[in-house]
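In my numbering, the protein residues as written are 907 to 1022. Even glycine gets a Cβ: it sits at the ideal position worked out from N, Cα and C. Heads up: the structure comes next, in structure tokens.
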């Protein structure tokens, strides 16, 4: 919290895999959690699958705790709609664009390619 008083934000990347766990959320006050794509339902999945249920509650937890949530790996409009239905409005993935060098991104941004 001392760093946050200095204006430094803290984030958890790839939440749900590796060493990022619920204990991290309890121990440290995070500003942003980036949810790993492995939680995101894929085409044809039942929304009752374990990963879908976990996804729903991870998003609900971040909202309840006031932590900004970004979901990684969004590839389809259906996935984006699932985010919206669960009150998550920050995402990244190939649905929007492939990774770009900064100048290419800035060019696309300047011509209005992205809705911001």
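For a cut-off of 8 angstroms, the C-beta gap from residue 962 to residue 937 is around 22 angstroms, too long to register as a contact. A contact between stretches requires three or more CB pairs, one per stretch, nearer than 8 angstroms, and the region 967-979 meets this requirement with the region 990-1010. Apart from the 5 residues on each side of it in sequence, residue 983 has no Cβ closer than 6 angstroms to any other Cβ in its chain. The beta carbons of residue 944 and residue 958 sit about 11 angstroms from each other, so the pair does not count as a contact at 8 angstroms. As DSSP reads the structure, residue 917 sits in a beta bridge with 938.
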